[in-house]
Amino acid sequence: MAAELFCILLEKLNFPTVSTLMGLGICPYEHPRFLGMLGMHGSRAANLVLEEADLLVALGVRFDDRATGKLNEFCPNAKIVHVDIDATEIGKLKNPNLFLKHGVENFITQILEEDLSSEHLSSEEWLNQVQTLKTLYGFSIPKENQILHPVSILQSISNILGEKAIITTDVGQHQMWVAQYYPFRKQGSFLTSGGLGTMGFGLPAAIGAALVFPEKRIVCISGDGSILMNIQELDTLRELNLDVTILLINNGHLGLVRQQQELFFSSRFSASKFVIPANFIKIASSFGIPSFELSNECSQVEILEQALIRKGPSFVLLQVEPDLQVLPMVPPGKANREMIY
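Its first residue numbered 1, the sequence shown is counted upward by one per residue in full-length UniProt numbering.
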């Protein structure tokens with residue numbers, strides 16, 4: 001209910017909107033006022049708009065460092081209204097100008113009862129500035145010849161399944177690509193471990209989602225490091241014969257660790273490479289799970305359709321280069337405006 005009310009409020013106020021990792025799906029991806037995720041791997045548009053904003057209404061957030069960057073430089077020009085049902089969040093990380101102890105649904109309901117005349121709305125000049133930033137600094141789209149780029153595969157999955165999917169992830173580069181590019185349109189369509197940072201979360205979460213929503217296709221998107229944390233659950237998945245597709249993005253490394261070592265430690269790589277890589281197709285097949293590999297020699301759409309539309313579990317392997325990075329990225333300890341892109 002709160003998600004529907006939020007969209008009604010957004011239409012009335014016409015405010016530019018950004019999301020934390022855990023809030024993705026509440027505001028439809030294609031909404032003209034939605035700028036995407038903020039923070040370390042957020043969109044440049046979202047981070048730059050927050051840099052210029054004079055008012056931030058923060059609903060149910062905790063101002064963690066992956067969202068805010070350098071905390072004392074987050075939203076430097078804005079008065080902050082923080083709405084949260086938990087009073088212990090007051091000023092825990094970021095001191096607001098106003099804290100309201102409310103559930104978000106209750107807060108929005110009360111706001112909608114107020115007179116929302118034009119004087120309370122964003123100015124046309126500001127909205128034009130926001131739209132310019134969104135146009136110039138949204139997430140970049142892979143070139144047409146990069147058909148096996150993870151982003152291209154995510155777009156194909158969305159085209160095939162539409163709104164009938166629930167996406168789960170583990171932790172790492174694959175998680176950030178999903179957060180950046182997958183067009184979530186409904187609350188609860190994205191399950192990820194958030195601030196816990198739990199590698200191995202994605203497959204058990206997918207199994208749970210499939211048991212609760214047997215009419216939906218569940219897609220677990222994982223990396224080679226994460227999937228090994230709970231690889232034994234392939235047995236559970238096969239035994240229950242659930243409609244879960246695993247997309248494994250395999251670069252032979254702990255990708256996000258390698259990326260940080262390359263960017264911030266002069267490419268002094270340590271303990272981030274799998275010296276003897278696993279054969280994941282054989283592993284999945286050994287559990288009796290139909291397995292597919294995406295390559296330049298095959299039609300990615302045909303392979304994905306086979307895996308996603310069939311009844312029961314399936315496994316899809318996507319091999320990518322280890323130097324492929326997830327960008328933008330805010331360096332640790334830096335302000336969000338100091339993004340690498």
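Just so you know, even glycine gets a beta-carbon here, dropped at the ideal spot from N, CA and C. Nothing here was measured: the structure is a model prediction, and the numbers come from that model.
Note on the UniProt domain "Thiamine pyrophosphate enzyme central" (8-110): whole beta strand (DSSP E) runs with a minimum of 3 residues are 17-19, 34-37, 55-59, 79-84, 98-101, in chain order. Under DSSP, the beta-bridge partners assigned to Gly-223 are Ile-249. Runs of beta strand (DSSP E) with 3 or more residues, each lying fully within the region 180-244, are found at 217-223, listed in chain order. In the three-state DSSP reduction, Glu-297 falls in the coil class, being neither helix nor strand.
Judged by their CB atoms, Leu-93 and Val-81 are not nearer to each other than the 7 Å cut-off. If the five residues before and after Val-178 are omitted, its C-beta is found closer than 7 Å to the C-beta atoms of Leu-154, Ile-167, Thr-169, Ile-221, all from its own chain and listed in chain order. The count of Cβ pairs closer than 8 Å, one atom from the region 49-61 and one from the region 69-84, reaches three, so the stretches are in contact. Within the region 254-323, the runs of beta strand (DSSP E) at least 3 residues long that lie entirely inside it are, in chain order, 291-294, 314-319.
Ile-160 carries a helical assignment under DSSP once its states are collapsed to helix, strand and coil. Of the candidates Phe-184, Val-275, Glu-4, Phe-280, Phe-184 places its Cα closest to the Cα of Leu-35. Pairing Ile-281 with Glu-262 gives a Cβ-Cβ distance that is not under 7 Å. For Lys-134, the uninterrupted alpha helix (DSSP H) segment begins and ends at 124-137. Just so you know, the alpha carbons of Thr-198 and Glu-233 end up roughly 16 Å apart.
Excluding residues up to 5 positions away in sequence, Gly-25, Glu-163 lie with their Cβ nearer than 7 Å to the Cβ of Lys-186 in the same chain.
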